[in-house]
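Colleague: Numbered by our numbering, the letters in the sequence shown go through residues 1 to 250 in order. Next up is a structure, given as structure tokens.
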Amino acid sequence: AHWEHASYMQIREMIHRGVLSLDKEMPEPPTTKEGWAARDAEGVKAAYDWYRLVEIPPFWRARLTEMMFEVPTRVDVRRWWDMRTIDEARLRSVYHAQGYHGKDLDDYVLWTKVYVAFPDLIARWKNGWITEEDVRSELTGYGMPADRLEELIQTKIKTTEPERVSEELDLTKAEICAGVKKGVISWEEGLELLQDIGKSREEAEFILEVKIGAAAGSPETYPEFKEWTQRFRKAAGMPARIPTEELKQA
Numbered sequence: 001a002h003w004e005h006a007s008y009m010q011i012r013e014m015i016h017r018g019v020l021s022l023d024k025e026m027p028e029p030p031t032t033k034e035g036w037a038a039r040d041a042e043g044v045k046a047a048y049d050w051y052r053l054v055e056i057p058p059f060w061r062a063r064l065t066e067m068m069f070e071v072p073t074r075v076d077v078r079r080w081w082d083m084r085t086i087d088e089a090r091l092r093s094v095y096h097a098q099g100y101h102g103k104d105l106d107d108y109v110l111w112t113k114v115y116v117a118f119p120d121l122i123a124r125w126k127n128g129w130i131t132e133e134d135v136r137s138e139l140t141g142y143g144m145p146a147d148r149l150e151e152l153i154q155t156k157i158k159t160t161e162p163e164r165v166s167e168e169l170d171l172t173k174a175e176i177c178a179g180v181k182k183g184v185i186s187w188e189e190g191l192e193l194l195q196d197i198g199k200s201r202e203e204a205e206f207i208l209e210v211k212i213g214a215a216a217g218s219p220e221t222y223p224e225f226k227e228w229t230q231r232f233r234k235a236a237g238m239p240a241r242i243p244t245e246e247l248k249q250a
């Protein structure tokens, strides 16, 4: 009678699960980094026993052993590159291990760089850290075609007038407050106009209360002062505790 031996793929799966060892009894899978390293080494030794058993020539043994472990996925390696936990040499090596070579490999490396860099560059540009020219320079430096780069930038950047500078916005804010004070526009209209220039509802209410309230008379009691300071905190996005009407009248 002849024994039926495990296949190469079954040996490979045993190593993955940590159950291939030199013991005759079924071992428990390890749970620590050191335990896995020791079990992998023991599993490889057991695999070499299997090679001899099924008469795999020595030439193939190390190569078959190298193939026993999985290659990271394309999604995995893209995330690693995004976080720069790997360098370009490692990026290229992983893609090659997945079966890409030649121009296909070059295209995959280029695509990964552009795919990861583009949204980050646009975000940095919009937040004022880099210029539009910096965006173009870095992407073309990766090897991206200029015409396609232009199309991608057009999907993210509007051809509008330059954003209004701080001095212009301050002037507009002052004019809105003056309009409310003179009765040319209502309080609610003033709130709406302030929100149109980028203020939140809370910020708009605070601005009108300070500007118009100051003209009508400054706070006189501690609860009134407290309300103003807490409204300022709320408008600035900080935790705030606005006094209740009962507290202000107490």
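C-beta atoms are modelled at their ideal positions from N, C-alpha and C, and glycine is treated no differently. Because the structure is a prediction, the values reported are computed rather than measured.
Going by DSSP in three states, Gln98 sits in which element: helix, strand or coil?
Modeller: By 1-based counting over the sequence shown, the position of residue 98 is 98. Gln98: coil per DSSP, three-state reduction.
Colleague: How long is the line joining the alpha carbons of Val71 and Ala146, rounded to whole angstroms?
Modeller: Within the sequence shown, residue 71 is the residue found at index 71, counting from 1. Within the sequence shown, residue 146 is the residue found at index 146, counting from 1. Cα to Cα, Val71 sits roughly 34 Å from Ala146.
Colleague: By the DSSP assignment, the alpha helix (DSSP H) with Met9 in it spans what residues?
Modeller: Within the sequence shown, residue 9 is the residue found at index 9, counting from 1. Its alpha helix (DSSP H) spans residues Tyr8 to Arg17.
Colleague: Would DSSP call Gly190 helix, strand or coil?
Modeller: Position 190 of the sequence shown, counted from the start, is the residue given in the question as residue 190. Three-state result, Gly190: helix.
Colleague: Rounding to the nearest angstrom, what Cα-Cα distance links Val77 and His16 in this structure?
Modeller: Taking the sequence shown and counting its residues from 1, one reaches residue 77 at position 77. Taking the sequence shown and counting its residues from 1, one reaches residue 16 at position 16. C-alpha separation (whole angstroms): 20 Å.
Colleague: Run through DSSP, which three-state label would Glu161 get?
Modeller: Here residue 161 corresponds to residue number 161 of the sequence shown, with the count starting at 1. Residue confidence is low: Glu161 scores 48 on pLDDT, short of 50, so the model does not pin down where it sits. Its coordinate-derived value is still stated next. Glu161: coil per DSSP, three-state reduction.
Colleague: With distances taken from CA atoms, which of Lys45, Lys33, Thr32 and Trp3 is nearest Met14?
Modeller: What you label residue 14 is simply residue 14 of the sequence shown in a count that begins at 1. Closest option to Met14, Cα to Cα, is Lys45.
Colleague: With distances taken between CB atoms, is the gap from Thr172 to Ile197 smaller than 7 Å?
Modeller: As a first step, residue 172 is located in the sequence shown; it is residue number 172 there, counting from the start. As a first step, residue 197 is located in the sequence shown; it is residue number 197 there, counting from the start. For Thr172 and Ile197, yes; Cβs fall inside 7 Å.
Colleague: Can you have a look at Gly43 and say buried or exposed, based on whether 16 or more other CB atoms are within 10 angstroms of its CB?
Modeller: Position 43 of the sequence shown holds residue 43. Answer is buried; the Cβ neighbour count reaches 16.
Colleague: Determine, using beta carbons only, whether Leu194 and Ile176 come nearer to each other than 7 Å.
Modeller: For the purposes of this step, residue 194 is identified with residue 194 of the sequence shown, where counting begins at 1. For the purposes of this step, residue 176 is identified with residue 176 of the sequence shown, where counting begins at 1. For Leu194 and Ile176, yes; Cβs fall inside 7 Å.
Colleague: Measure the C-alpha to C-alpha separation of Ile185 and Asp134 and round it to an integer number of angstroms.
Modeller: Along the sequence shown, one-based indexing puts residue 185 at 185. Along the sequence shown, one-based indexing puts residue 134 at 134. In a straight line, the C-alpha of Ile185 is about 44 Å away from that of Asp134.
Colleague: Looking only at its own chain, which residues have a Cβ that is under 7 Å from the Cβ of Thr140, when we skip the five neighbours before and after it?
Modeller: Reading the sequence shown from its first residue, position 140 is the one you call residue 140. Same-chain partners within the cutoff: Ala146 and Leu149.
Colleague: How close, in whole Å, do the beta carbons of Ala6 and Trp60 come, if the pair is a contact with beta carbons under 8 Å?
Modeller: One-based indexing of the sequence shown puts residue 6 at position 6. One-based indexing of the sequence shown puts residue 60 at position 60. With 8 Å as the limit, Ala6 and Trp60 do not qualify as a contact, their Cβ atoms being about 17 Å apart.
Colleague: How about Lys113 and Tyr95: do their beta carbons lie closer than 7 Å?
Modeller: Locating residue 113 in the sequence shown gives position 113, counting from the first residue. Locating residue 95 in the sequence shown gives position 95, counting from the first residue. Their beta carbons are not under 7 Å apart, which means Lys113 does not touch Tyr95 by this criterion.
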